[in-house]
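Okay, so the sequence shown: first residue is 7 according to our numbering, each after it adds one. What follows is a set of notes on a single structure, which appears directly below.
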Amino acid sequence: MTASPVLTKQYVEQRDRGYWIAGTRVSLDSVVHGFLNGESPESIAQNFPVLNLEQVYGGITFYLANRELIDHYLQDSRAEFEQLQQTLRQQNSLLYQKLKTAQLQKPRES
């Protein structure tokens, strides 16, 4: 008896208003950002030990096949994050100023 090949396999699932590598808590965003920043699939897999190389390639393939949709999704997510960040800065201006001051005083690494 020989094994039958898998003809289709889902590597990405949509849940909670986002895209995720199927069966994991790793967002597609994480894989795509690594890919767009020039990381190799092997490097991405090393950065996310719960993913195997097949899942990383599956995520990248999904992105490339749906590039316009995912680029729009990433752009919307970035805008939503920036809006939330701005709102929190306004609501907690004193805390934000303290954090900014501490960040400026932190010694830089060489």
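Beta carbons are placed, not taken as given, at the ideal position from N, Cα and C, and that holds for glycine. A quick note: this is a predicted structure, and the numbers were derived from the prediction, not measured.
Residue i versus the options, residue with shortest Cα-Cα distance
i	options	result
Gln16	Glu60, Gln52, Asn53	Glu60
Ile27	Phe41, Ile66, Ser46, Leu13	Ile66
Gln20	Thr8, Asn53, Val12, Leu34	Leu34
Tyr25	Phe41, Gln91, Ile76, Ile50	Ile76
Gly29	Ser49, Leu42, Asn58	Asn58
Ser83	Pro113, His39, Pro47	His39
Per-residue burial, residue i [other beta carbons within 10 Å of its own, 16 or more giving buried]
i	result
Gly64	buried
Val56	exposed
Ala71	exposed
Ala85	exposed
Ala108	exposed
Val12	exposed
8 Å CB neighbourhood of residue i in its chain, flanking five on each side removed
i	result
Tyr102	Leu94, Arg95
Residue-level contact to chain C via CB, residue i, 8 Å cutoff
i	result
Gln96	No chain C appears in the structure shown, which is made up of a single protein chain.
Supposed close pair residue i, residue j - CB separation, criterion 8 Å
i	j	result
Tyr79	Phe41	No, Tyr79 and Phe41 are not in contact; Cβ-Cβ is about 15 Å, not under 8 Å.
Backbone CA spacing between residue i and residue j [nearest angstrom]
i	j	result
Phe87	Gln81	10 Å
Thr8	Glu45	37 Å
Ser49	Ser36	12 Å
Val62	Gln91	30 Å
Gln111	Lys104	11 Å
Pro47	Gln89	32 Å
Arg114	Lys106	14 Å
Asn43	Val18	20 Å
Neighbourhood of residue i by C-beta distance below 7 Å, restricted to the same chain and skipping five residues each side
i	result
Val4	Residue 4 cannot be examined here, being either before or after the span of the chain that is shown, 7 to 116.
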